[in-house]
Structures are given as structure tokens and as C-alpha cells.
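2 protein chains.
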Amino acid sequence: MASAIGYRGKNRLLAALPADDFDRYFSALERITLTLRSVIQGAAQPVKHVYFVEDGVSSVLTIMDDGSAVEVGMIGSEGMIGIAALLDGGSAPPQVIVQIPGTVLRMPIALCKCAFDESAGVRTVMLRFAADMLGLSTQTAACNRLHSIEQRCARWLLMAYDRVGSETMPMTHEFLAYMLGVRRAGVTTTAQELQRSGLIRYRQGQIVITDLEGLKALACECRRLDHERLNRML
Amino acid sequence: MASAIGYRGKNRLLAALPADDFDRYFSALERITLTLRSVIQGAAQPVKHVYFVEDGVSSVLTIMDDGSAVEVGMIGSEGMIGIAALLDGGSAPPQVIVQIPGTVLRMPIALCKCAFDESAGVRTVMLRFAADMLGLSTQTAACNRLHSIEQRCARWLLMAYDRVGSETMPMTHEFLAYMLGVRRAGVTTTAQELQRSGLIRYRQGQIVITDLEGLKALACECRRLDHERLNRML
DNA sequence: TCAATGTTGTACGACACCGTACTGGATCAT
DNA sequence: ATGATCCAGTACGGTGTCGTACAACATTGA
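Protein sequences, first through last, are from chains A and B.
My numbering puts the first residue of the first sequence at 1, with every later residue one more than the last.
My numbering puts the first residue of the second sequence at 235, with every later residue one more than the last.
Right, dumping it as C-alpha cells:
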């Protein structure tokens with residue numbers, strides 16, 4: 001038999017797949033560059049693809065009738081976009097939006113579903129990620145109820161950092177407020193405090209983490225649990 | 235071949251299984267009666283069983299280091315307890331606690347995992363439920379951030395009602411507060427308003443819904459979405 | 001270079017909810 | 001029956017966040 005080639009890129013799910021499964025099912029992957037704040041999934045459009053993130057970070061949002069929104073999940077190279085559709089084609093897809101630009105590998109969802117159905121190895125990897133997302137969203141549900149803007153803001157920055165590995169990220173107060181489900185003015189006030197404390201620096205549309213440890217100390221325990229989950233995906 | 239018998243009880247997951255899959259894999263089910271407020275899963279103990287709910291309601295909680303807690307999922311006869319362990323044995327089990335007493339069918343998790351791995355029919359049913367729980371927890375994450383105690387309180391009562399089919403339920407203000415992640419005094423105030431409005435009645439440790447439609451009108455949209463998800467599980 | 005647009009700074013009254021604490025009534029166990 | 005325990009009623013100062021609004025600054029495009 002031909003020796004398996006497998007996947008050598010950055011996505012942890014694809015990397016965790018048995019090489020021969022990868023060769024057999026994932027040859028149709030197409031590399032796409034995602035631009036800042038573009039919407040991958042959402043609203044009315046049916047979901048046609050799943051996306052394996054190589055670089056950058058995307059957020060999963062729950063949006064209410066009045067347009068208010070809250071982030072309920074964050075996905076970097078440890079995961080994929082479209083896991084819900086993989087589990088159950090009938091559920092409405094949540095909105096997914098690009099936070100930090102990067103590249104993803106895209107494939108038709110039907111093909112991925114087929115690999116998922118046929119290969120136990122594929123299932124193991126993707127179900128682990130599904131459990132991960134479930135854990136993240138339950139943690140976020142509690143965090144949103146129990147922790148302050150400051151704590152959650154610090155958590156958000158660290159979660160993004162943990163996924164992208166860079167202290168600098170493109171992010172406005174406005175958009176961060178949208179993610180956290182709070183007022184933009186609330187984020188501005190909080191960001192000022194963080195900056196005064198020397199934990200971050202920011203200017204128009206960009207935030208830089210300058211004191212990682214200090215930020216960790218300020219963030220709620222939810223960030224630590226997220227970090228442990230992330231490590232478990234390696 | 236012998237004709238399949240299948241399952242004729244109230245649990246919707248078991249009922250949705252192909253009859254021959256049920257006969258083959260689910261013969262070891264053991265009926266258990268759960269008592270009010272007992273803890274099914276949680277904390278340190280490893281999870282040994284999965285539970286298919288026939289009657290009653292259980293809640294999934296996220297608990298913080300300081301002991302504060304928030305409900306992140308609710309499970310009635312439409313579902314099962316232990317789905318996370320089924321998806322990924324490595325994740326820490328969340329706490330699950332009995333809200334409304336009832337009976338469940340229990341089986342060793344390893345056996346269920348085996349059925350899940352071997353039968354596509356079993357997977358379809360259980361993954362649909364997993365997607366359901368993911369949807370519920372993401373909705374709850376947003377709800378916890380965006381909606382008032384009154385709205386969430388009404389939502390909670392209706393979610394329990396939708397699962398158990400009874401207007402009367404054993405519940406103290408203290409415990410409801412624990413579920414919603416708010417003060418007990420806050421629930422008392424809210425419950426008083428609901429009672430004055432004629433939507434509920436309550437006395438020591440018991441709440442009765444007296445105006446279903448009125449309560450629906452008061453609850454946030456999250457309850458409607460939960461109701462639609464529930465219907466989809468039939 | 002100038003206007004348009006996007007981003008951040010700031011202010012202020014309103015209010016939902018918190019933390020805490022104490023009371024009285026209901027229920028339970030012996 | 002009677003303590004002990006659980007549950008609900010109530011109060012009050014404190015505060016985190018809201019809603020809104022406007023101004024100042026940075027960036028972009030023509």
C-alpha cells in the first residue's frame with residue numbers, strides 16, 4: 001500500500017487525524033484567507049462548508065431579536081467552524097465572525113459528514129472538539145452571569161492570545177463590547193484602567209497585551225479553565 | 235430473525251432509536267428513582283453511568299471556585315445525562331442535580347459508548363441531542379448576560395413546565411436563586427411580583443404556574459427558542 | 001488638503017441587582 | 001407539643017452597569 005501522507009499544517013484537528021483518514025477524506029480542502037470581521041456563518045444562509053482554522057481566531061455569537069449579541073465561543077487553530085452542523089444538520093447555524101484574520105481550510109460539509117460517519121478516527125477527534133465547545137459555552141454562560149466586565153475583558157484578551165500567540169490584535173472597544181454584551185463606554189473605561197495598570201496598550205482599533213501575567217491575575221478563573229481545555233486539545 | 239421489540243417508554247432518545255439497536259445494546263438498562271435535589275454527577279467522582287430521563291427534570295450546573303453556581307442546561311425526558319462523557323471521556327463532568335424527582339433508566343457508560351461507536355443509528359439520535367445541549371447552553375450564555383431576573387425566572391419556570399408537563403413544581407426561592415445565579419432575596423421579590431400579577435402561586439417550597447400564557451409573554455425569547463428545540467426532539 | 005467616517009474620552013442620572021442581616025411564619029423531628 | 005430547622009418577607013446602603021449624548025481625536029478617501 002502507498003504510505004500515508006497526512007497533514008502537516010497548523011490545524012490541530014486535522015493534525016490529530018489518522019494520516020490515512022486524512023488522505024482519504026480530506027483531499028478536497030481548499031485554503032481560504034479570512035478578512036477581519038467577515039461573517040463565516042450566520043443568519044439565514046444555509047451552511048455549505050466546514051472550516052478548519054489554521055491561523056487567526058473566530059467567534060461564535062448568539063444574537064437576539066433586538067440585535068444585541070454575546071460571544072459564546074472562540075475558535076482558533078485548535079478547532080473548526082461548523083461543528084454543530086456536523087452533529088445535527090437540522091439545527092440553525094449560529095453566527096460566526098472573524099476576530100483575527102487568518103487562513104482556514106474549507107471543505108463541503110457533506111464530505112466532512114461522510115468522513116465523520118465512516119471513520120471512527122475522524123469521529124474521535126471531532127467529538128472531542130465538540131465536547132470542548134460545549135465546555136466553553138457552559139463556562140461562558142456562568143462567566144457572563146458571575147463576573148465583572150474587567151474580569152471578562154481580561155479573559156477575552158487572554159483567550160484570543162492563547163489561540164493566536166500574538167500580543168497584538170486588531171480590536172476596537174466597540175467590537176469588544178459587542179462580544180461581551182456590554183456598552184462600548186463600559187469597555188473604554190475598563191480598557192483605560194487596564195492601560196493605566198500597564199497590562200495593555202491600545203490605540204485606534206488595536207490592542208496590545210503588555211503584561212501577560214498581570215492580565216492573568218486579573219482575569220477570572222474561566223480563563224484558566226479555557227487554557228486547560230486548550231492544552232488538552234494537543 | 236426475531237422481530238424487534240424496541241422501547242415503549244417515555245424517554246425520547248430511547249424511543250427514537252432503531253428498535254433492533256435498542257434490543258441489542260440497551261438491555262442492561264436499570265430503572266432508578268431520583269430524589270429531589272440529589273446529585274447525579276459532579277465534582278470529583280468519575281462518571282460511571284449515563285441516565286435516560288423518563289420523568290422529572292435535572293439541571294446541569296457550572297460551579298465556580300467560590301461555590302457560586304449557574305444553571306447551564308436542563309434535561310427532561312427529551313434527553314440524557316452524561317452526553318459530554320459520551321463525546322469525550324477525558325473532560326471533567328459537570329454537576330447534574332435533580333430539580334423535579336422522577337425515574338431514569340441507567341446504564342454503564344462504557345456500554346453506551348460501545349453502542350454509540352458501533353451503531354450509526356444510535357449516533358444520529360445522541361448527536362442530535364448533543365447539538366441540542368450545545369444550543370441550549372449558548373442560548374443560556376447570552377440570556378444570562380442580556381435578560382433581567384424576572385425574564386429569566388419566567389423562562390426557567392416555563393422550561394421546567396415544558397419538560398415535566400405539570401404546573402406544580404417543588405422549588406424554593408433559595409434554590410431557584412442558585413440556578414439563576416442571583417440572590418435569594420432577588421428571587422423572592424420577583425416571585426412576589428409574578429404572584430401579584432396572577433402568573434404564579436407559591437408557598438413553602440412549591441411553585442405553581444397559574445397563567446401559562448401570561449408567563450410566556452413575560453419570559454424572554456430564549457424560552458421560545460428552547461421550546462422550538464424541544465419540539466424538534468420529537 | 002479637507003471632508004467624511006470611524007474610534008475613543010467623558011459625563012450623568014437612572015436603576016437593577018448586590019451583600020448582608022434580621023424577622024416571622026411554616027414544617028419537621030423527637 | 002416543642003424546639004430546631006427551613007423558608008419567605010423585608011430593609012438599606014452600595015455599586016456595577018446601563019442608556020444616552022456629545023466632543024475630541026485618528027484615519028481614510030476623494
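All residues carry an ideal CB built from backbone N, CA and C; glycine is no exception.
Asked: So is T247 (chain A) buried or exposed if we call it buried at 16+ other beta carbons inside 10 Å?; Found: Given a span of 1 to 234 for chain A in the structure shown, any question on residue 247 (chain A) remains unanswerable.
Asked: Under DSSP, the beta strand (DSSP E) around A303 (chain B) begins and ends at which residues?; Found: A303 to I309
Asked: In the DSSP assignment, the alpha helix (DSSP H) including Q151 (chain A) goes from what residue to what residue?; Found: I149 to V164
Asked: Under 7 Å Cβ-Cβ, which residues of chain A neighbour Q426 (chain B)?; Found: In chain order: nothing, as chain A lies at least about 22 Å away.
Asked: Tell me which residues of the stretch 371–393 of chain B have at least one Cβ-Cβ distance to chain A shorter than 7 Å, keeping chain order.; Found: S371, T372, Q373, T374, A375, A376, N378, R379 and L380
Asked: Could you check the C-alpha separation between I188 (chain A) and E174 (chain A) for me, to the nearest Å?; Found: Here residue 188 (chain A) turns out to be Thr, not Ile, going by the sequence shown. Computed Cα separation, rounded: 8 Å.
Asked: What is the DSSP secondary structure of S371 (chain B), reduced to helix, strand or coil?; Found: helix
Asked: Looking at chain A, is there any beta carbon in it that lies within less than 8 Å of the beta carbon of M314 (chain B)?; Found: no
Asked: Got a sec: which bits of the stretch 298–310 of chain B sit with their beta carbon under 8 Å from any beta carbon on chain A, in order along the chain?; Found: M298, D299, S302, A303, V304, V306 and G307
Asked: Between which two residues does the alpha helix (DSSP H) carrying V421 (chain B) extend?; Found: R418 to R430
Asked: So L320 (chain B) packs on M367 (chain B), CB below 8 Å; how close in whole Å?; Found: Wrong, their Cβ atoms sit about 11 Å apart, outside the cutoff.
Asked: Which chain A residues are close to D413 (chain B), counting only those with a beta carbon under 8 Å from its beta carbon?; Found: Just to set this straight, residue 413 (chain B) is Met in the shown sequence, not Asp. Neighbours of M413 (chain B) on chain A: none; closest Cβ ~11 Å, over 8 Å.
Asked: How would you call E54 (chain A), buried or exposed, if buried means at least 16 neighbouring beta carbons within 10 angstroms?; Found: buried
Asked: What would DSSP say about T210 (chain A), mapped onto helix, strand or coil?; Found: coil
Asked: At which residue ranges does the stretch 321–366 of chain B contain complete beta strand (DSSP E) runs of 3 or more residues, listed in the order of the chain?; Found: 329–334 and 336–342
Asked: Do three or more CB pairs link the stretch 17–27 of chain A to the stretch 88–97 of chain A at distances below 8 Å?; Found: no
Asked: Output yes if chain B places a C-beta closer than 8 Å to the C-beta of T62 (chain A); else output no.; Found: yes
Asked: According to DSSP, is I63 (chain A) part of a helix, a strand, or is it coil?; Found: strand
Asked: Could you work out which residues of chain A lie near M367 (chain B), taking near to mean beta carbons separated by less than 8 Å?; Found: L134
Asked: For E312 (chain B) and I5 (chain A), I'd like the C-alpha separation in whole angstroms.; Found: 43 Å
Asked: For E221 (chain A), which residues in chain B fall below 7 Å Cβ to Cβ?; Found: M298 and D299
Asked: Kindly indicate which residue of A:K216, A:S119 and A:G121 has the alpha-carbon position closest to the one of A160 (chain A).; Found: A:K216
Asked: Tell me, please, whether the CB atom of R232 (chain A) is closer than 8 Å to any CB atom in chain B?; Found: yes
Asked: From the beta carbon of R362 (chain B), is the nearest beta carbon of chain A less than 8 Å away?; Found: yes
Asked: Please report the distance separating the alpha-carbon of A141 (chain A) from that of G276 (chain B).; Found: 18 Å
Asked: Run through chain A and tell me which residues come within less than 9 Å of S325 (chain B), C-beta to C-beta.; Found: R128, A131, D132, L134, G135, R229 and R232
Asked: Could you spell out where the alpha helix (DSSP H) holding M179 (chain A) opens and where it closes?; Found: H173 to L180
Asked: Between which residues of its own chain and Q279 (chain B) is the CB-CB distance below 6 Å, once the five residues before and five after are set aside?; Found: none
Asked: Contact criterion: CB-CB distance below 8 Å. Does P94 (chain A) meet it with respect to chain B?; Found: yes
Asked: Compare the C-alpha of Q206 (chain A) against each of A:L218, A:L180 and A:E167 and name the closest.; Found: A:E167
Asked: Can we say the stretch 255–270 of chain B touches the stretch 192–206 of chain A, given the rule of at least three CB pairs closer than 8 Å?; Found: no
Asked: D117 (chain A) touches chain B at which residues, Cβ-Cβ below 7 Å?; Found: A354
Asked: Report the residue from B:D351, B:M467, B:E305 and B:A365 whose alpha carbon sits nearest the alpha carbon of C143 (chain A).; Found: B:E305
Asked: According to the Cβ coordinates, are I343 (chain B) and H381 (chain B) closer than 8 Å?; Found: no
Asked: Kindly list, in the order they appear in chain B, the residues whose Cβ is closer than 8 Å to that of L87 (chain A).; Found: L361, R362, A364, A365 and L368
Asked: Quickly, what does DSSP pair E264 (chain B) with across the bridge? List them, please.; Found: B:R340
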